[in-house]
Amino acid sequence: MLKDREEVLKAVDKPASLGPDLEIKDYIREAKALYSCPVSSLPKEIADQSLKVGIRTDEKDRIGTYFQIDHSVVFQGFQKAFEGKIELMSTTEAIKKYDWLKDYWWKLIPANMDKYTALSELNWDHGYFIRVLENQKIMFPLQACLFISTNGLNQNVHNVVIIEPNSEAQIITGCTVHPNVQRGLHVGITEFYLKKGAKLTFTMIHNWAQNFDARPRTAVLLEDDATFVNNYICLKPVKSLQTYPVAYCKGSNSKARFNSIIFGVGNSNIDLGAKIVLQGPRSKGEVITHAIASDSSQIYSRGLLIGEHSDSKAHLECRGLLVSDRAFIHAIPELIGKVSGTELSHEAAVGKIAEEQIRYLMARGFSEAEARSLIVRGFMDVTIFGLPDALRDEMRRIVDETAKGVL
Amino acid sequence: MSSLSIENLSVEVNGKRILEGVNLAIPKGEVHVLFGPNASGKTSLLMTILGFPNYKVVSGEIWFNGVNITNMSTDERVRLGIGVAFQNPPAIRGVKLADILHNFLKSEPEAKKKEIELCETLNFTEDFLSRDLNLCFSGGEVKRSELLQILAQKPSFIMLDEPDSGVDVENLGVIGKVINDFLKERSGLLITHLGYILRYVKADKAHVLIEGKVACSGKPIKILDQILKEGYGWCEKCLKIEKKC
Chain A
1 MLKDREEVLK
11 AVDKPASLGP
21 DLEIKDYIRE
31 AKALYSCPVS
41 SLPKEIADQS
51 LKVGIRTDEK
61 DRIGTYFQID
71 HSVVFQGFQK
81 AFEGKIELMS
91 TTEAIKKYDW
101 LKDYWWKLIP
111 ANMDKYTALS
121 ELNWDHGYFI
131 RVLENQKIMF
141 PLQACLFIST
151 NGLNQNVHNV
161 VIIEPNSEAQ
171 IITGCTVHPN
181 VQRGLHVGIT
191 EFYLKKGAKL
201 TFTMIHNWAQ
211 NFDARPRTAV
221 LLEDDATFVN
231 NYICLKPVKS
241 LQTYPVAYCK
251 GSNSKARFNS
261 IIFGVGNSNI
271 DLGAKIVLQG
281 PRSKGEVITH
291 AIASDSSQIY
301 SRGLLIGEHS
311 DSKAHLECRG
321 LLVSDRAFIH
331 AIPELIGKVS
341 GTELSHEAAV
351 GKIAEEQIRY
361 LMARGFSEAE
371 ARSLIVRGFM
381 DVTIFGLPDA
391 LRDEMRRIVD
401 ETAKGVL
Chain B
1 MSSLSIENLS
11 VEVNGKRILE
21 GVNLAIPKGE
31 VHVLFGPNAS
41 GKTSLLMTIL
51 GFPNYKVVSG
61 EIWFNGVNIT
71 NMSTDERVRL
81 GIGVAFQNPP
91 AIRGVKLADI
101 LHNFLKSEPE
111 AKKKEIELCE
121 TLNFTEDFLS
131 RDLNLCFSGG
141 EVKRSELLQI
151 LAQKPSFIML
161 DEPDSGVDVE
171 NLGVIGKVIN
181 DFLKERSGLL
191 ITHLGYILRY
201 VKADKAHVLI
211 EGKVACSGKP
221 IKILDQILKE
231 GYGWCEKCLK
241 IEKKC
C-alpha cells in the first residue's frame with residue numbers, strides 16, 4: 001500500500017461532493033480470472049463492443065494496446081518498432097518494475113478525496129501505465145480498453161500516463177461493457193504528467209449501460225510548453241456518471257483543452273465538469289462542452305477556470321440542447337481570477353432546437369424529423385476535437401453509428 | 001399554365017394580418033420582381049409560398065404547376081420544385097454545406113464531381129463544404145452558398161430574397177451571372193431593393209407590395225426608375241386610388 005492506510009480508510013464512507021451517492025456494497029467484487037490472449041482472438045461480442053468505443057481488436061492504425069476485462073489484464077503490447085520509444089503495461093506491473101513510479105502515484109489526486117478514490121486504493125484492479133520516452137513523436141494512437149463483462153461488478157483502475165520531454169502521442173481509451181451487463185461501478189483514476197514540450201491528445205469514449213455507474217477521477221500536470229487535449233464522448237445510457245477532471249497548467253506556455261460531447265438518454269444522470277488552473281506564464285485553457293439532453297436525462301455541465309498567473313488566458317463554452325421537455329440541463333460555468341492580468345471568459349447557452357433552423361433545412365428538402373436529426377447530429381460534430389483527419393473520421397463514424405441508435 | 005399562381009391570398013402571423021388579397025401569376029419561363037418598402041410583406045410572401053407554419057393562410061390559395069400547395073409542408077413543396085435563396089439564413093453549428101448538397105445530389109451519378117464543379121462555379125474551394133452552415137460566413141459567402149444549394153437542387157421555380165444586398169462588386173458579378181444562367185428556361189420571383197441584380201437578370205414583370213397588398217404591376221425597369229426617383233410614396237398614392245400603373 002502506497003498511501004497512509006489510515007487516511008484512506010477514513011474516506012471509505014466519504015461521499016463525493018458532486019453526483020448521486022452510491023452504496024459501494026451494492027456492487028460485487030468477485031470476477032472470474034481471465035487469461036491473457038492475443039487481442040485479435042477476443043470473442044466477437046467483445047470486439048464489437050470495443051469497436052464502438054474506438055478500440056480496434058485488429059489493431060489497425062494502432063501502435064499498441066492495453067486490454068483489461070473486469071479485474072484481469074488480457075492483453076498488453078505494442079509494435080516492435082516502438083521498443084525503446086514507448087512503454088505500455090499494467091500499473092500493477094509498472095509499480096513493481098519502477099520504484100520511481102511512487103513519485104507519480106496519487107500525486108495529483110488525493111487518495112482520500114472521496115469514497116471512490118479510497119475504494120480504488122483499497123481494491124485496486126490494475127489499470128494502464130503508458131510512458132512515451134523523450135523526443136518521440138508517435139503519430140498513430142495507442143489504445144486502452146477497460147471492459148466489464150460481469151454484471152454488477154465493481155472495477156477500480158488506476159492509470160498513469162507520462163509523456164517525457166518533447167514527445168508527442170495520441171491515446172484512445174474506451175470504457176464499455178458486455179451486452180449482458182446492465183449494472184456495475186467503474187472507478188477510474190488517471191494521472192497524466194506532461195513534461196516540457198510534451199503533447200498529448202487523449203480521446204475517451206464511454207458506452208455504459210442503463211443501470212451502470214461511473215466515477216472517473218482525472219488530473220493532469222503540464223510543464224513548460226506542454227499541450228494536453230482531452231476529448232470525451234458519452235452518448236449511451238448510464239445510470240450516473242460524475243467526473244470533474246482538472247488540468248494544472250504549471251509550466252510557462254502550457255495549454256490544456258477539454259472538449260466533450262455528451263448525450264443524455266433515458267434516465268441518465270450525468271455530472272460532467274472540467275477545471276483548468278492557470279499557474280504558469282502564458283498558460284492557456286479552453287473548455288468546450290456540447291451537451292444534448294433527451295428523454296428524462298439530467299445533465300450538469302460544469303466548468304471552472306482559475307487564473308493564478310497574471311499572464312494567462314482561458315475560455316469556457318457550454319452549449320446545451322434540450323430535445324425533451326422532461327430533460328434537464330444545468331450549465332454551471334465558473335471563473336476565478338486570482339491576479340490582475342488573467343483573462344477568463346465564458347459563454348453558455350441552453351435551449352431547444354431553433355425553429356428557424358428546422359424551417360431552413362425543410363426548405364432544403366429535409367422532412368421535419370430529418371432536419372431535427374441533422375441538427376442534433378451536427379451538435380455532436382467531432383470537428384471540435386481538432387483530431388488528425390483519419391482519427392476524426394473514425395470518431396465521426398462512431399458518433400454517427402451511436403447516434404443512429406439513440407435518435 | 002402558370003408556374004406559380006397566387007389567388008386572393010391573405011396571411012396572418014401571430015394574429016396580425018400581413019398579406020391582404022394578394023393575386024400574382026408567374027407564367028412558366030418568366031421572372032418577376034417584387035419591390036416594396038421595408039416591412040411591406042415581401043419576405044412574408046416568400047415564406048408563405050414555402051409554407052412556413054407561422055405564416056397562417058386565412059384565405060386564398062397557392063398553386064404550383066397546377067397543384068394546390070396551400071396546405072403542403074415545406075419539404076413537400078421543395079420536392080415539387082420550389083427553391084429559395086434566403087436573405088439572412090440561420091447559422092447551424094455542426095451541419096455542413098456538404099450535408100445539404102449530398103441530400104440534393106444523392107441520386108446523381110458522380111455526385112462528388114458535381115459538387116466540386118458547383119463549388120468552382122461559385123468561386124468556392126472544396127473545403128468550404130466542410131464549414132458549419134452559415135456560421136461566420138461573409139455577406140458574399142452567404143449569398144453564394146444559398147445559390148450553390150439552389151444549383152444542386154435544380155428547382156423549376158426559384159425565389160431569391162435580396163441576392164444583391166451586402167455584396168461587393170466582384171461577388172455581385174458572380175452571383176448575377178449564375179442567377180441569369182440558371183433562370184434560363186426556369187421561372188423565378190426576385191426581391192430587390194435597389195435593383196443591382198437587374199443589371200444581370202432579365203426580368204419580365206415587377207410588382208410593388210405596399211402594406212401587404214399588390215399596389216401595382218408593370219415593367220421592372222420602369223417601376224424601379226420611378227421608385228428610385230420618387231420613393232414608395234408614389235406607389236402608396238397608386239394604392240389609394242386603386243389603379244394599375
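If you read the sequences in order, they're chains A and B. Using our numbering, the first residue of the first sequence is number 1, and each one after it goes up by one. Using our numbering, the first residue of the second sequence is number 1, and each one after it goes up by one. Ideal Cβ placement from N, Cα and C applies to all residues, glycine included.
Assignment of Lys137 of chain A by DSSP, reduced to helix, strand and coil, places it in the strand class. The beta carbon of Asp75 of chain B sits closer than 8 Å to some beta carbon of chain A.
Lys196 of chain A places its beta carbon less than 8 Å from that of Ala226 of chain A.
If the five residues before and after Phe328 of chain A are omitted, its C-beta is found closer than 6 Å to the C-beta atoms of Gln298, all from its own chain and listed in chain order. For Tyr232 of chain A, no CB of chain B lies under 8 Å from its own CB, so it is not counted at the interface with that chain. Note that the C-beta distance between Phe129 of chain A and Ile69 of chain A is not below 8 Å. A residue is called buried when at least 16 other Cβ atoms come within 10 angstroms of its Cβ; Arg199 of chain B does not meet this threshold and is exposed.
Beta-carbon to beta-carbon, Phe140 of chain A and Gly184 of chain A are separated by about 31 Å, too far to satisfy the 8 Å threshold.
Look at the segment 340 to 374 of chain A: the residues with a C-beta under 9 Å from a C-beta of chain B are Ala354, Glu355, Glu356, Gln357, Arg359, Tyr360, Leu361, Met362, Ala363, Arg364, Gly365, Phe366, Ser367, Glu368, Glu370, Ala371 and Leu374. In the DSSP secondary-structure assignment, Pro216 of chain A is bridged to A:Gly188. The Cβ neighbour count for Asn54 of chain B, taken over all protein chains shown within 10 Å, is under 16; the residue is labelled exposed.
In the three-state DSSP reduction, Tyr116 of chain A falls in the helix class (H, G or I). With respect to chain B, the C-beta atom of Gly378 of chain A has a partner C-beta closer than 8 Å.
Per the Cβ contact rule, the segment 65 to 76 of chain B is not in contact with the segment 212 to 228 of chain B (fewer than 3 Cβ pairs under 8 Å).
Here His207 of chain B is bridged, per DSSP, to B:Leu34 and B:Ser217.
Counting of Cβ neighbours within 10 angstroms places Pro155 of chain B among the buried residues, the total reaching 16 or more.
Exclusion of the five residues before and after Glu317 of chain A leaves Ile288 and Glu347 as the residues of its chain whose Cβ lies within less than 6 Å of its Cβ. Between Arg282 of chain A and Ser252 of chain A, the beta carbon gap of about 6 Å places them in contact (Cβ cut-off 8 Å). Leu241 of chain A: member of the beta strand (DSSP E) spanning Ser240 to Thr243, first to last residue.
The distance from the Cβ of Gly54 of chain A to that of Thr201 of chain A is about 12 Å, inconsistent with a contact at the 8 Å cut-off. Look at the beta carbons and you see the segment 32 to 43 of chain B touching the segment 202 to 209 of chain B: at least three pairs across the two are nearer than 8 Å. Inter-residue distance for Gln182 of chain A and Gly152 of chain A is about 7 Å (C-alpha atoms, whole angstroms). Within chain B, not a single residue places a beta-carbon under 8 Å from that of Asp400 of chain A; the smallest gap is close to 12 Å. Exposed is the label assigned to Ser17 of chain A, since fewer than 16 other Cβ atoms lie within 10 Å of its Cβ.
Contact between Gln143 of chain A and His71 of chain A is absent: CB atoms are separated by about 20 Å, not below the 8 Å threshold. Leu118 of chain B has its alpha-carbon roughly 7 Å from the corresponding atom of Leu148 of chain B. For Phe104 of chain B, at least one C-beta of chain A is nearer than 8 Å to its own C-beta. Beta bridge pairing from DSSP links Thr201 of chain A with A:Gln170 and A:Val229.
Under the three-state reduction of DSSP output, Ala11 of chain A falls in the coil class, being neither helix nor strand. Judged by their CB atoms, Val39 of chain A and Phe78 of chain A are not nearer to each other than the 8 Å cut-off. In the DSSP assignment, Arg79 of chain B falls outside any beta strand (DSSP E) and within the unbroken alpha helix (DSSP H) covering Thr74 to Leu80.
Under DSSP, Gln143 of chain A forms a beta bridge with A:Thr65 and A:Ile172. For Trp124 of chain A, the three-state secondary structure derived from DSSP is coil. The beta carbon of Asp58 of chain A sits closer than 7 Å to those of Ser40, all from its chain and outside the five residues before and after it, given in chain order. Under the three-state reduction of DSSP, Asn180 of chain B is assigned to helix. Your pair Glu223 of chain A and Ser254 of chain A checks out as a contact, with CB atoms roughly 7 Å apart and the cut at 8 Å.
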